[in-house]
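Everything below concerns the one structure shown next.
Number of protein chains: 2
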Amino acid sequence: MSATTPRAATLQDVAREAGVSLATASRALNGSTRQVAEEYRTRVLAAAEKLEYTPNLSAQAVVRGGSMTVALLVAEIADPYFSTIASGVMQAAEEAGMQVTMGVTERMPQREIELVRVLRGQRPKIIILAGSRFTNAAGREALVAELRAFERTGGRVVMISQRELPFATVLLDNVGGAAELARALTDLGYTRFVVFAGPEGLMTSSERVTGFRAGLGERGIALPDGAIVRGEFTREGGYDAAKRYLAGGSGGAEVIFGASDVMALGAMAAFREAGLALPGDVAIAGFDDIATLRDVTPAVTTVRIPLAEVGRRAVELALREEPGDAAVVHVATETVLRESTPPRG
Amino acid sequence: MSATTPRAATLQDVAREAGVSLATASRALNGSTRQVAEEYRTRVLAAAEKLEYTPNLSAQAVVRGGSMTVALLVAEIADPYFSTIASGVMQAAEEAGMQVTMGVTERMPQREIELVRVLRGQRPKIIILAGSRFTNAAGREALVAELRAFERTGGRVVMISQRELPFATVLLDNVGGAAELARALTDLGYTRFVVFAGPEGLMTSSERVTGFRAGLGERGIALPDGAIVRGEFTREGGYDAAKRYLAGGSGGAEVIFGASDVMALGAMAAFREAGLALPGDVAIAGFDDIATLRDVTPAVTTVRIPLAEVGRRAVELALREEPGDAAVVHVATETVLRESTPPRG
DNA sequence: CTGTTAGCGCGTTCAA
DNA sequence: TTGAACGCGCTAACAG
Numbered sequence: 121m122s123a124t125t126p127r128a129a130t131l132q133d134v135a136r137e138a139g140v141s142l143a144t145a146s147r148a149l150n151g152s153t154r155q156v157a158e159e160y161r162t163r164v165l166a167a168a169e170k171l172e173y174t175p176n177l178s179a180q181a182v183v184r185g186g187s188m189t190v191a192l193l194v195a196e197i198a199d200p201y202f203s204t205i206a207s208g209v210m211q212a213a214e215e216a217g218m219q220v221t222m223g224v225t226e227r228m229p230q231r232e233i234e235l236v237r238v239l240r241g242q243r244p245k246i247i248i249l250a251g252s253r254f255t256n257a258a259g260r261e262a263l264v265a266e267l268r269a270f271e272r273t274g275g276r277v278v279m280i281s282q283r284e285l286p287f288a289t290v291l292l293d294n295v296g297g298a299a300e301l302a303r304a305l306t307d308l309g310y311t312r313f314v315v316f317a318g319p320e321g322l323m324t325s326s327e328r329v330t331g332f333r334a335g336l337g338e339r340g341i342a343l344p345d346g347a348i349v350r351g352e353f354t355r356e357g358g359y360d361a362a363k364r365y366l367a368g369g370s371g372g373a374e375v376i377f378g379a380s381d382v383m384a385l386g387a388m389a390a391f392r393e394a395g396l397a398l399p400g401d402v403a404i405a406g407f408d409d410i411a412t413l414r415d416v417t418p419a420v421t422t423v424r425i426p427l428a429e430v431g432r433r434a435v436e437l438a439l440r441e442e443p444g445d446a447a448v449v450h451v452a453t454e455t456v457l458r459e460s461t462p463p464r465g
Numbered sequence: 121m122s123a124t125t126p127r128a129a130t131l132q133d134v135a136r137e138a139g140v141s142l143a144t145a146s147r148a149l150n151g152s153t154r155q156v157a158e159e160y161r162t163r164v165l166a167a168a169e170k171l172e173y174t175p176n177l178s179a180q181a182v183v184r185g186g187s188m189t190v191a192l193l194v195a196e197i198a199d200p201y202f203s204t205i206a207s208g209v210m211q212a213a214e215e216a217g218m219q220v221t222m223g224v225t226e227r228m229p230q231r232e233i234e235l236v237r238v239l240r241g242q243r244p245k246i247i248i249l250a251g252s253r254f255t256n257a258a259g260r261e262a263l264v265a266e267l268r269a270f271e272r273t274g275g276r277v278v279m280i281s282q283r284e285l286p287f288a289t290v291l292l293d294n295v296g297g298a299a300e301l302a303r304a305l306t307d308l309g310y311t312r313f314v315v316f317a318g319p320e321g322l323m324t325s326s327e328r329v330t331g332f333r334a335g336l337g338e339r340g341i342a343l344p345d346g347a348i349v350r351g352e353f354t355r356e357g358g359y360d361a362a363k364r365y366l367a368g369g370s371g372g373a374e375v376i377f378g379a380s381d382v383m384a385l386g387a388m389a390a391f392r393e394a395g396l397a398l399p400g401d402v403a404i405a406g407f408d409d410i411a412t413l414r415d416v417t418p419a420v421t422t423v424r425i426p427l428a429e430v431g432r433r434a435v436e437l438a439l440r441e442e443p444g445d446a447a448v449v450h451v452a453t454e455t456v457l458r459e460s461t462p463p464r465g
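And the structure:
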């Protein structure tokens, strides 16, 4: 008998081993409101230990109508922006006794919808969408429908970054942060700007461009569309944008604003390859304040977002959300001036 | 009626809506071997669409005896080493039609055990342990027992980095890689070395130290214990180690080997703060070749590990594993010499 | 090919 | 307090 059973121990096994009923074993192992005699309780616990019993979370989810998990969608987990947010999410989830399942969208709207649909199958308590989306995304309606359906069944949805969809949101002040950066840069004496932005319509990027333009506008400086070079919203994209910028011979910019730190880093690499001195020949600023920035030279000016905290806030917000009231949590940004944008004569 | 049902649509609902039996609906929606008439199939699909039905993965997992998920344990997801491995894992999982749930151990052995126990409750197909462990870890037996229990019930376990436990392993050549680095550095003319290592007993770190020492030994250079400064296996740890090294006045090292890139980066920050020129006053090398290295100055010499590939390999290995045969996949490393360790006259 | 039925592992009534 | 029985959503026999 029992030649290493090929299946996991079940609650039934534990009950039998302890000589009690299934119900009693259940009550002893999981925090039921009901009490169970001390003797039975210890016997059940011992049996569970002996059989290496782990409650089947799937079965629990079925009968309870949901699992204690939070589903997190990011564009790419190797990107420090997302991995830091993820870190905060996991920390908060841990504290709340929840587990985290992740999905990677690679910034493909269609994939995002499919992921939501699949993850919804887990009946998680929370779905967090951390990746920015496109204004003109084809499947916008489908995504909203999917998320609404999830909410109707008791789930909580939290968006991070911008409030484009009618769900609870951890709002990042991309516009305000970029505007403040623009003002700070003009205060340093800069007058000619070029922006390396993400693809047309990628909201996080376009918000930052909008804010930056507004900030410059306050100082009477225009930012024509010609001063915006687009690329993927990644380090490679920044690198490519810089290459094209250099090839275009447009030159002339005193300072480059990368719509994200990773784009700024990519641009710096390209400039360095081209033999430009930083910040001597061109100053650079980014956005996010990812950890990597602490290690690059020159130190890069940026707009700080407390990324890990953003992740934690997302979970907290979801946990205290009442269905329907799409609350908003504002997260402040902070301009951080560093060596990459020295005062200009 | 049906004032937005407060529960997710069920297969039963779909069947009723389509006017077919539960079984038929099931067969139409999920890839059963059985065929179903075209007319019914389309009717079921339409009903599912209309009701925004998503199969309850938990219920499926219960009846199928397992879920299509891979559980990934890392020390800290914000660390580029782990986030890049995670990226590879998620990619491979996606291709295999599996979902990923993650847990963070924070390098606490006890937490690792608890996480395995909890995640085991999900009845995943695969558990991947990416975080290095300690040689003398108190709960080693408990961890093995937990993992064994998981394997007995049909699960697959894959370890990443070293083969300390009797499970399938994606083996990183920490020893050989560090040895080759040591030889390369001596070939460049270096003769006085100091190592910034992780905590005593942290295997990945100690393997690298061992390999480095062996490589130096081949050249007739000894690496006394006094030449090893320990700190956390993080950027902060590298920073602290450097501070202590400098305070100790031991000086004298021509080159510092950080047992991981993040430690090396932390050390560089400390040296820079102390006013040392890099690599003028001290040369530096790391291990891992994390993406960040592309952006720091001077470019850092390191031992490259194809991290994303390691993650993919882990999943592939698990997928083709036969229970019991704890196969090993070797991943080669490559020494990458950069500006941080210039030839020494 | 379709429908009926019996479980999967578990929480939770309902009597005892 | 305990235990027997029902049901959660679904798949896999089993008949038809």
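Chains as they are written, first to last, in this note's numbering: chain A, 121 to 465; chain B, 121 to 465.
C-beta: ideal position from N, C-alpha, C; glycine also.
The structure displayed is predicted, hence computed values, not measured ones.
Exercise. Below 8 angstroms between beta carbons: does that hold for glutamine 242 of chain B and threonine 273 of chain B?
Worked result: Between glutamine 242 of chain B and threonine 273 of chain B, the gap from beta carbon to beta carbon reaches 8 angstroms or more.
Exercise. For glutamate 454 of chain A, which of helix, strand or coil comes out of DSSP?
Worked result: In this structure, glutamate 454 of chain A counts as strand in the three-state DSSP scheme.
Problem set entry | Proximal chain A residues relative to valine 416 of chain B, where beta-carbon distance stays under 9 angstroms | Chain-ordered, the chain A residues with CB closer than 9 angstroms to the CB of valine 416 of chain B read Thr412, Asp415, Val416 and Thr417.
Exercise. How long is the line joining the alpha carbons of threonine 289 of chain A and leucine 301 of chain B, rounded to whole angstroms?
Worked result: Approximately 48 angstroms, taken between the alpha carbons.
Problem set entry | Listed by chain order, chain A residues near leucine 177 of chain B by CB distance under 7 angstroms | Correct list: Gly241 and Gln242.
Problem set entry | The beta strand (DSSP E) enclosing valine 402 of chain B, as first and last residue numbers | That residue, valine 402 of chain B, is in no beta strand (DSSP E); it is neither H nor E in DSSP.
Problem set entry | Candidates A/Gly431, A/Phe377 and A/Ile425: closest to serine 460 of chain A by CA position | Among A/Gly431, A/Phe377 and A/Ile425, the Cα nearest to that of serine 460 of chain A belongs to A/Phe377.
Exercise. Which chain A residues sit within Cβ distance under 7 angstroms of alanine 269 of chain B?
Worked result: The CB of alanine 269 of chain B comes closer than 7 angstroms to the CB of Glu172 in chain A, given here in chain order.
For this session: Pick helix, strand or coil for valine 140 of chain A, following the three-state DSSP scheme.
Result: Here valine 140 of chain A sits in coil by DSSP.
Exercise. Hey, which unbroken runs of the beta strand (DSSP E) at 3 residues or more fall wholly within the region 206–289 of chain B?
Worked result: As far as the region 206–289 of chain B is concerned, its whole beta strand (DSSP E) runs of at least 3 residues are 219–224, 246–249 and 276–281.
Exercise. Does the region 338–347 of chain A come within contact of the region 386–397 of chain A, defined as at least 3 CB pairs closer than 8 angstroms?
Worked result: Not touching, per the Cβ criterion.
Exercise. How would you list, in chain order, the residues of chain A whose beta-carbon sits under 7 angstroms from the beta-carbon of arginine 237 of chain B?
Worked result: The answer, in chain order, is Thr174.
Problem set entry | Range of the contiguous alpha helix (DSSP H) that encloses alanine 367 of chain A | Looking at the DSSP string, the run of the alpha helix (DSSP H) that includes alanine 367 of chain A is 355–367.
Exercise. Which residue from B/Leu192, B/Val264, B/Ala269 and B/Thr306 puts its Cα closest to that of proline 462 of chain B?
Worked result: Taking proline 462 of chain B as reference, the option from B/Leu192, B/Val264, B/Ala269 and B/Thr306 with the minimal CA-CA separation is B/Thr306.
For this session: State buried or exposed for proline 126 of chain B, treating a residue as buried only when at least 16 other CB atoms are found within 10 Å of its CB.
Result: For proline 126 of chain B, the number of other beta carbons within 10 angstroms of its own is below 16, and it is reported as exposed.
Exercise. The ligand HEM heavy atoms versus the CB of leucine 457 of chain B: any closer than 7 angstroms?
Worked result: With respect to the ligand HEM, the structure shown offers nothing to examine, as it has no ligands at all.
Exercise. Taking C-alpha atoms, which residue in B/Met210, B/Tyr160 and B/Met279 lies nearest to alanine 447 of chain B?
Worked result: Across the set B/Met210, B/Tyr160 and B/Met279, the C-alpha of B/Met279 shows the shortest separation from the C-alpha of alanine 447 of chain B.
For this session: Measure the CB-CB distance between glycine 369 of chain B and isoleucine 205 of chain B and report whether it falls below 8 angstroms.
Result: A distance of 8 angstroms or more separates the beta carbons of glycine 369 of chain B and isoleucine 205 of chain B.
Exercise. Counting along the chain, where does the alpha helix (DSSP H) carrying valine 430 of chain A start and finish?
Worked result: Unbroken alpha helix (DSSP H) run through valine 430 of chain A: 427–440.
Problem set entry | is_contact[proline 126 of chain B, chain A] using C-beta, thresh 8 angstroms | Yes, because at least one Cβ of chain A sits closer than 8 angstroms to the Cβ of proline 126 of chain B.
For this session: Please list the partners that methionine 383 of chain B has in chain A, where partner means a Cβ-to-Cβ separation under 8 angstroms.
Result: None at all; the shortest Cβ gap to chain A is about 12 angstroms.
Exercise. Using a beta-carbon distance below 8 angstroms, is valine 451 of chain A in contact with chain B?
Worked result: Contacts with chain B at 8 angstroms (Cβ-Cβ) do not include valine 451 of chain A.
For this session: To the nearest angstrom, report how far apart glycine 372 of chain B and arginine 312 of chain B are at their CA atoms.
Result: The alpha-carbon separation between glycine 372 of chain B and arginine 312 of chain B amounts to approximately 7 angstroms.
Problem set entry | valine 140 of chain B versus isoleucine 197 of chain B: straight-line alpha-carbon distance, rounded | Their Cα atoms are separated by approximately 47 angstroms.
Problem set entry | Other residues of its chain near valine 449 of chain B: CB distance less than 6 angstroms, five sequence neighbours each side excluded | Within its own chain, the residues whose Cβ lies closer than 6 angstroms to the Cβ of valine 449 of chain B, once the five positions on either side in sequence are excluded, are Val290, Arg433 and Leu437, listed in chain order.
For this session: State yes or no: is the beta carbon of glutamate 101 of chain B nearer than 8 angstroms to at least one beta carbon in chain A?
Result: Here chain B covers residues 121 to 465 and nothing more, so residue 101 of chain B does not appear.
Problem set entry | Secondary structure of phenylalanine 316 of chain B, DSSP reduced to three states | Phenylalanine 316 of chain B: strand per DSSP, three-state reduction.
Exercise. Cβ of aspartate 409 of chain B within 8 angstroms of Cβ of valine 456 of chain B?
Worked result: In this structure, valine 456 of chain B lies closer than 8 angstroms to aspartate 409 of chain B by Cβ.
Problem set entry | Partner residues on chain B for alanine 181 of chain A, Cβ-Cβ distance less than 7 angstroms | Per Cβ cutoff of 7 angstroms: Ser178.
Problem set entry | Residue range of the unbroken alpha helix (DSSP H) whose run includes alanine 304 of chain B | Segment 294–307, the alpha helix (DSSP H) holding alanine 304 of chain B.
Problem set entry | CB contact below 8 angstroms: serine 380 of chain A versus chain B | Not closer than 8 angstroms to any Cβ of chain B, the Cβ of serine 380 of chain A fails to qualify, so no.
Exercise. Can you give the beta carbon distance from valine 156 of chain B to alanine 148 of chain B, rounded, assuming they're within the 8 angstroms contact cut?
Worked result: Indeed they touch by this definition, with Cβ atoms about 5 angstroms apart.
Problem set entry | Length of the line joining the Cα atoms of alanine 269 of chain B and phenylalanine 407 of chain A | Annotation: alanine 269 of chain B to phenylalanine 407 of chain A spans about 47 angstroms, alpha carbon to alpha carbon.
For this session: Could you check the C-alpha separation between threonine 124 of chain B and lysine 245 of chain A for me, to the nearest Å?
Result: Reliability fails at threonine 124 of chain B, whose pLDDT of 43 lies under 50, so the model's placement of it is uncertain and no value is given.
Problem set entry | Continuous beta strand (DSSP E) stretch holding arginine 469 of chain A: start and end | Not covered by the structure: residue 469 of chain A. The range shown for chain A is 121 to 465.
Exercise. What is the DSSP secondary structure of glycine 337 of chain B, reduced to helix, strand or coil?
Worked result: Helix.
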